[in-house]
Amino acid sequence: MFGFRFRISGLHFLASVIALTLVIGVFYLGWYRWPNWYLLGADKIAGILILVDVGLGPLATLVVSSPAKPRKELQRDIAMIVLIQVIALGYGLGTLWSGRPLYYAFSLDRIEIVPAAAFDEQALGKARELNAVIMPKWYSLPQWVWAPLPDDPEERENIIAKAVWGGSDVVSMPQYFRPLKEAASAMQGRYLPTQMLLGSHGLSERDYRAAIAKFGRSESELGVLPVQGRSRDGAWIFDRISGDPLAFHPIVVWGMK
100 MFGFRFRISG LHFLASVIAL TLVIGVFYLG WYRWPNWYLL GADKIAGILI LVDVGLGPLA
160 TLVVSSPAKP RKELQRDIAM IVLIQVIALG YGLGTLWSGR PLYYAFSLDR IEIVPAAAFD
220 EQALGKAREL NAVIMPKWYS LPQWVWAPLP DDPEERENII AKAVWGGSDV VSMPQYFRPL
280 KEAASAMQGR YLPTQMLLGS HGLSERDYRA AIAKFGRSES ELGVLPVQGR SRDGAWIFDR
340 ISGDPLAFHP IVVWGMK
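Read the sequence shown against the working numbering and you will find it ends at 356, with the numbers running on by one and no gaps.
Structure follows, in structure tokens:
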């Protein structure tokens, strides 16, 4: 009796693991590589999916499986369990899809992780009308951009006012996006010294020295910018001269000078 239950539940567990590994693997390799998984809190969604699809599903199968139960009744019960798993999986994947990161945008004094959900049809339509240099596509993978405020004072103030009250910010307006290399001079005055990564909530002196040494540059040639995620924040180390991003650290440096 128990051998039958564990055999059916084991097969269900194996199938659930394979299915979840494939779909989450695609998201991780495409959009949620480090540090995106961390910054966007995708691990919380993945945890729920693992609990429902790999944990509760096979466990429920273990409970309902019985060699004494008629075949059609057993098939119906397992089908209902699988249906619930599919619904949970669809919800989780839909959340991951709408929240997938499309841009690392430098704006004002920080790097913001911009997900697909940040762009509504009105913003995309405006960007198309203006022949935007950079446009988000459904298949776009994360890329670095500069999202400067417009030069026009009235337009600039309008965007700032809306953002203050929770409206759309410039990072959700692709008509303003530019390649990150064009922001090199604007970034110069915003860098924090790399020593900001040290401290009780940061790197130890030993780890800090090791992190700096691997770049083959002096501390004066490196700078740090705060990173604003949807779930967590951090810091990115840049080459001050080229403006190239070098490494991310899950260390909050907001408000530090």
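Every residue, glycine too, gets a C-beta built ideally from N, C-alpha and C. From a predicted model like this one, the values you see are computed outputs, not experimental measurements.
- Non-local C-beta neighbours of Gly-140 in its own chain, meaning closer than 8 angstroms and more than five positions away in sequence, comprise Gly-328, Arg-329, Ser-330 and Arg-331, ordered along the chain.
- According to DSSP, residue pairing for Leu-345 in a beta bridge does not occur.
- In the structure shown, the three-state DSSP call for Trp-133 is coil.
- Taken atom to atom, the span from the alpha-carbon of Glu-318 to that of Pro-247 is near 27 angstroms.
- Ranked by Cα distance from Lys-280, the first of Ile-123, Glu-172 and Ala-204 is Ala-204.
- CA-to-CA, the gap between Tyr-275 and Ser-115 works out to about 44 angstroms.
- It is roughly 28 angstroms from the alpha-carbon of Leu-195 to the alpha-carbon of Ile-258.
- Comparing C-alpha distances from Gly-301 to each of Ile-311, Ile-107, Arg-209 and Pro-349 shows the shortest one belongs to Pro-349.
- When the Cα atoms are used, Val-151 and Ser-239 turn out to be separated by approximately 30 angstroms.
- Contact annotation, Ala-334 with Pro-325: C-beta distance approximately 6 angstroms; criterion of less than 8 angstroms satisfied.
- Contact annotation: Ala-222 and Pro-169 have beta-carbon atoms that are not nearer than 8 angstroms.
- The stretch 175-183 makes contact with the stretch 157-167; the number of CB pairs closer than 8 angstroms reaches 3 or more.
- Counting along the chain, Ser-197 sits inside no beta strand (DSSP E); it lies in the alpha helix (DSSP H) bounded by residues 170-197.
- For Val-163, the enclosing alpha helix (DSSP H) has its first and last residue at 156-163.
- Residue Gly-156 holds the alpha-carbon nearest to the alpha-carbon of Ile-186 among Gly-156, Phe-126 and Val-232.
- Nearest to Gly-102 by alpha-carbon distance, out of Ala-167, Leu-297, Gln-184 and Thr-120, is Ala-167.
- Here Pro-214 carries a strand assignment [DSSP, helix/strand/coil].
- Taken through DSSP and simplified to helix, strand or coil, Ala-334 comes out as strand.
- In the three-state reduction of the DSSP assignment, Phe-276 falls in the coil class, being assigned neither a helical nor a strand state.
- Under the three-state reduction of DSSP, Leu-207 is assigned to coil, being neither helix nor strand.
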